Amino acid sequence: MAPRYKLTYFDVRARGEPTRLLFAAAGVEYEDVRITFDQWPAHKDSTPMGVLPILEVDGITLSQSMSIARFIARETGMDGKTRLERAQADAFVDELEELIPKMAGVVVFPKDKKDKEEKSKELDKLIAERLGKCEKLSGSDGHLVGNSLLWCDLVLFNIAHNIEEAYKAGTMQDYPKLTKVCDTVKANPRIAKWMTERPAGQFDF
Amino acid sequence: MAPKYKLSYFDMRARAEPTRMMFAAAGIDFEDERVSFDGWPAVKPTTPMGQLPVLEVDGFKLCQSMPIARFVAKETGMAGKTNIEQAQADAFVDEIVPLLPTLYDVAIDFPTDEAKRAEQAAEFEKDMVRRLERCEKLCGSNGFLVGNSLLWCDLVLHTVGDNIENYKPGTLKSYPKLSRVMASVNANPKIAAWIAKRPDTTF
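Going down the list, the sequences are from chains A and B. Take the position in the first sequence, starting the count at 1, then add 16; the result is the number in the working numbering. Take the position in the second sequence, starting the count at 1, then add 111; the result is the number in the working numbering.
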């Protein structure tokens with residue numbers, strides 16, 4: 017029987033990976049469709065908003081990466097134990113989300129060397145600002161919120177991984193509580209397994 | 112007895128207005144604190160992330176405008192009837208809300224240099240048309256963005272749409288389904304009463 021969920025995104029981590037990490041952590045099967053940038057123009061008009069990712073479920077197509085991730089978090093019980101926890105998780109995601117496109121602008125799509133340097137300066141500032149706020153509010157026991165793995169932890173983990181591996185290794189050292197959250201995610205056996213199996217992607221981002 | 116909720120924001124509609132409208136629609140009493148720009152430096156360190164709005168509830172301070180609005184939407188039954196409806200409502204908000212700060216920058220806090228102002232306005236309008244067209248395409252046909260009842264995404268559209276109309280009157284005429292949503296919000300008696308009595312601000 018076909019999986020209930022079909023996720024379509026580019027062949028990168030970026031905005032699609034939090035949802036993939038959620039499926040992995042919850043042990044939920046899904047169709048992981050990846051479109052190369054060359055294939056995209058032919059696909060674009062078949063999507064509701066002309067953007068990826070999209071999630072097809074029960075005959076409906078959902079758009080917007082974080083709305084999709086929150087939906088799957090709800091479906092898999094990883095959005096938060098109480099209404100307050102869910103709002104706190106949302107707030108962390110809102111604070112972190114902008115780092116993905118801003119980093120893509122430096123790591124994947126810079127126009128030229130000068131553009132890359134300028135954007136790097138802006139990105140450094142943004143990283144310090146956003147991770148600084150999250151460090152201040154983060155829980156101290158390896159979870160951003162409460163005492164269980166939530167989708168916000170996976171959003172952070174995805175971004176931190178890209179910062180360390182694709183941008184500036186050693187950045188996360190300044191954020192001990194956030195580092196603890198990422199270590200907790202890495203130690204999750206299902207996530208660890210996904211990370212060894214997941215495709216390398218068209219870009220390492 | 113003191114209200115259960117205290118919402119703190121600047122003396123503007125903008126990012127806090129959907130939440131205020133939800134309290135109004137649900138008939139829920141709340142403390143509507145408005146912080147002046149002068150008073151802000153003293154308030155800033157008391158906020159979780161150095162930003163407004165903040166919602167105090169049950170001794171806790173929630174931050175980030177859309178998580179706050181979504182939280183109140185769930186409290187007031189305006190988040191969406193099913194998980195899927197909630198995700199669809201979220202997606203509309205994700206699409207519409209980015210227009211708020213960029214609209215503010217062209218309508219209120221615009222550059223003094225005329226050429227820069229025109230360039231910024233042109234960019235804004237291009238982005239605005241793109242987003243409104245996407246929302247029009249996916250919008251329900253019965254006066255609600257999603258499903259068949261007023262949800263928080265309709266109030267976010269109303270807040271942004273209202274400001275768009277102040278900036279360029281007549282814009283929303285090109286989007287008939289979205290215009291019907293605006294009308295649904297205006298026709299809700301409790302929201303209409305709130306709109307009539309709320310402080311009059313520029314944005």
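Beta carbons are placed, not taken as given, at the ideal position from N, Cα and C, and that holds for glycine. Since the structure is predicted, the reported quantities are computational estimates derived from the model, not experimental observations.
Shown here for residue 122(A): same chain residues with a beta carbon closer than 8 Å to its own, the five before and five after excluded, namely 132, 135, 136, 139 and 183 in chain order. Each of 97(A), 81(A), 149(A) and 56(A) was checked against the Cα of residue 204(B), and the nearest Cα belongs to 81(A). Residues of the stretch 145 to 166 of chain A with a C-beta less than 7 Å from any C-beta of chain B: 149 and 153, listed in chain order.
For residue 248(B), the closest alpha carbon among the candidates 238(B), 217(B), 271(B) and 287(B) is that of 287(B). The DSSP-derived three-state label of residue 121(B) is strand. With contacts defined as CB atoms closer than 8 Å, residue 28(A) and residue 219(A) qualify as a contacting pair.
Following the DSSP letters along the chain, one finds residue 123(A) inside the alpha helix (DSSP H) bounded by residues 115 to 123.
For residue 171(B), the nearest CB of chain A lies under 8 Å from its own CB, placing it at the interface with that chain.
Assignment of residue 211(B) by DSSP, reduced to helix, strand and coil, places it in the helix class. Looking from the CA of residue 266(B), the closest CA among 183(B), 227(B), 225(B) and 252(B) belongs to 183(B). Annotated three-state conformation of residue 153(A) is helix, per DSSP. At least one C-beta of chain A is nearer than 8 Å to the C-beta of residue 194(B). Counting C-beta pairs with one atom in each stretch, the stretch 72 to 80 of chain A and the stretch 187 to 207 of chain B have three or more that are closer than 8 Å, which means they touch. If you ignore the 5 residues before and after residue 210(A), its C-beta comes within less than 6 Å of the C-beta of 40, all in its own chain and listed in chain order.
Residue environment analysis places residue 62(A) among the exposed positions, since fewer than 16 neighbouring C-beta atoms fall within 10 angstroms of its C-beta. Judged by DSSP secondary structure, residue 206(A) falls outside any beta strand (DSSP E) and instead within the alpha helix (DSSP H) spanning 205 to 213. Taking a 10 Å sphere around the C-beta of residue 149(A), we find 16 or more other C-beta atoms and assign the residue as buried.
When 7 Å is used as the limit between beta carbons, residue 39(A) is near no residue of chain B, the shortest such separation being about 15 Å. Taking each of 284(B), 134(B), 253(B) and 128(B) in turn and checking the Cα distance to residue 295(B), the smallest one comes out for 253(B). Distance from the CA atom of residue 218(B) to the CA atom of residue 205(A), rounded to whole angstroms, is 51 Å.
Contact fails between the stretch 228 to 238 of chain B and the stretch 112 to 119 of chain A, because fewer than three Cβ pairs, one in each stretch, are under 8 Å apart.
With a threshold of 8 Å between beta carbons, residue 276(B) makes no contact with chain A. Contact with chain B is absent for residue 120(A), since none of that chain's Cβ atoms lies less than 8 Å from the residue's Cβ. With respect to the C-alpha of residue 167(A), the residue from 43(A), 21(A) and 96(A) having the closest C-alpha is 96(A). Residues 73 of the same chain have their beta carbon placed closer than 7 Å to that of residue 20(A), with the five preceding and five following residues left out of the count. At a beta-carbon threshold of 7 Å, the residues of chain A lying near residue 185(B) are 99, ordered along the chain.
Collapsing the DSSP output to three states places residue 174(B) in a strand. Residue ranges of uninterrupted beta strand (DSSP E) with 3 or more members are absent from the stretch 202 to 289 of chain B; none lies entirely inside it. Close to residue 68(A), with beta-carbon spacing below 8 Å, lies no residue of chain B; the smallest spacing is near 13 Å. From the beta-carbon of residue 189(B), no residue of chain A is found nearer than 7 Å; the closest lies around 14 Å away. Residue nearest to residue 191(B) within the set 308(B), 289(B) and 258(B) is 258(B) (criterion: CA-CA distance). No residue range can be given for residue 180(A), since it is assigned to no alpha helix (DSSP H) and is classified by DSSP as neither H nor E.
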